[in-house]
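For reference, the structure is listed below as structure tokens.
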Amino acid sequence: MSADIPLQAFEALLHSPNVPTVCRALNMYQVAAAYTQLSGGNPLEPLAADVRQVALDILTHPPVEASADITAGFDHVSALNVLTTLAEPADLPLITTILETSPHEEVRAVAALAATTARRG
């Protein structure tokens, strides 16, 4: 089996038209990044730039409303969570805007963490 198959499957999830599926992909990336400390590497790392771009794109839209599949603002939480690992200094204005304007407490909390990462970049 080709080593590219898991990356292709992940990429398909990441670019799904279904917001909850994209959020799951972002969360999968963050879990893989967290395991890096234990396993010696993130198997999804080759797609880090793509993951970061998807996360930033999500933040340019209003947060999702609650539905049966997703809680209100969960798309922003997922995007910001992955940016706690991948944020760069250029992302700080967008993250700061979310931090200052989001009505969701959880979104603001994760935005503060992502902003710290962006400042370190």
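Going by the working numbering, the sequence shown opens with residue 5, and the numbers climb by one from there. Even glycine gets a Cβ: it sits at the ideal position worked out from N, Cα and C.
| query | result |
| --- | --- |
| Assuming N85 is part of the alpha helix (DSSP H), what are its boundary residues? | F78 to L90 |
| Alpha helix (DSSP H) containing T121: first to last residue? | E109 to R124 |
| Could you check the C-alpha separation between P10 and S106 for me, to the nearest Å? | 34 Å |
| Determine whether the beta carbon atoms of L17 and A36 lie at a separation below 7 Å. | no |
| I believe P67 touches D79 by the beta-carbon criterion, under 8 Å. Please report the beta-carbon distance rounded to the nearest angstrom. | 6 Å |
| Between M5 and the rest of its own chain, which residues show a CB-CB distance below 8 Å, the 5 nearest in sequence each way excluded? | Residue confidence for M5 is low, a pLDDT of 38 falling below 50, so the modelled location carries little weight; the figure read from the coordinates is stated next. Taken in chain order, the list of residues that qualify is empty. |
| Rounded to whole angstroms, what's the CA-CA distance from A76 to D95? Just pull it up for me. | 23 Å |
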